[in-house]
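Going letter by letter, the sequence shown gives residues 827 to 1004 in the working numbering.
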Amino acid sequence: MQEELRQVETPEILLTLIQQLNYTAWEKEKILQTEENGNKIANLQGFLAGVRSYKNTMRNIGYILDEEFDGTENRIPPFFDSDGDCSIKLSRLREVVSTLNEVTASDDYEKFTKLWAGVVDNEKNSLFYYKEKGRDLHFAKGWYEAMDWVNRTIKKLDIELAVAEKKKAESFPFDDGE
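The structure is reproduced here in structure tokens:
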């Protein structure tokens, strides 16, 4: 008998990251409309497929992700612009990183990351054993870029916070900590 999947309310911060991922996918959809290079097309198509895979992986572990998140219509600009500059102020950055630390330390997120790793391993195996190299490799690179987008964003936010805190500390050399 198969155990019924426990539904988990998706934390608001993860929904925010999904909306940002949707924004990135939307930008790539626009580029795909005019791209002529076959390898770039494969990479863009792979990215879009990776976005769908990421959302499906969330659902497969039990996260509740409404249909409104399926396409790219429900989107917001990412925390980082195309130049890699963070768009949020230090106080909000602290809040976001703290919330993400809580979410990523949860049992539900740990289960998700294990399933995520399995999905990525399956795709690697499929690429190695069953797919042609060339175009399939570009597709897989795009797919993995999308699958890892949230993880990379979380890491970038951690780094951004550490850098911002250091800059703040250096700008107040005589501060007594209050």
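Every residue, glycine too, gets a C-beta built ideally from N, C-alpha and C.
Cβ neighbour criterion (16 or more within 10 Å) applied to residue i
i: D857; result: Reading the sequence as shown, one finds Ile at residue 857 and not Asp. I857 comes out exposed.
i: S932; result: exposed
i: N1018; result: Given that the chain is displayed from residue 827 to residue 1004, the structure contains no residue 1018 and the question cannot be resolved.
i: L870; result: buried
i: Q859; result: exposed
i: F954; result: exposed
i: K992; result: exposed
i: N948; result: exposed
i: I980; result: buried
i: G864; result: exposed
Opposing strand residues paired with residue i [DSSP bridges]
i: E835; result: I890
i: F895; result: According to DSSP, which records beta bridges pairwise, F895 is partnered with nothing at all.
i: F906; result: C912
Proximal residues to residue i (C-beta, below 7 Å), its chain only, five neighbours per side dropped
i: V877; result: L847, A851, A972
i: A990; result: L916, L919
i: V929; result: P837, I839, L840, Y935
i: N900; result: Q845, N848, E894
i: L926; result: I839, I980, L983
i: D890; result: According to the sequence shown, residue 890 is Ile rather than Asp. So the qualifying residues of the chain are Q833, V834, E835, T836.
Cutoff 8 Å; reference residue i; Cβ partners in own chain excluding five residues on either side
i: F965; result: A868, N869, Q871, G872, A875
Three or more C-beta pairs closer than 8 Å, one from the segment 978–988 and one from the segment 892–908: is that the case here?
The segment 978–988, when compared against the segment 892–908, does touch it at the 8 Å Cβ threshold.
If we count Cβ pairs, one from each stretch, closer than 8 Å, do we get three or more for the segment 933–944 versus the segment 877–888?
Contact between the segment 933–944 and the segment 877–888 is present, because at least three Cβ pairs lie under 8 Å.
Could you pull out every unbroken alpha helix (DSSP H) segment of at least 4 residues lying fully inside the segment 918–998, listed in chain order?
As far as the segment 918–998 is concerned, its whole alpha helix (DSSP H) runs of at least 4 residues are 933–955, 960–973, 975–997.
Could you give the uninterrupted runs of the alpha helix (DSSP H) lying entirely in the segment 834–872, keeping only those of 4 residues or more?
Uninterrupted alpha helix (DSSP H) stretches at least 4 residues long and entirely within the segment 834–872 occur at 838–858, given in chain order.
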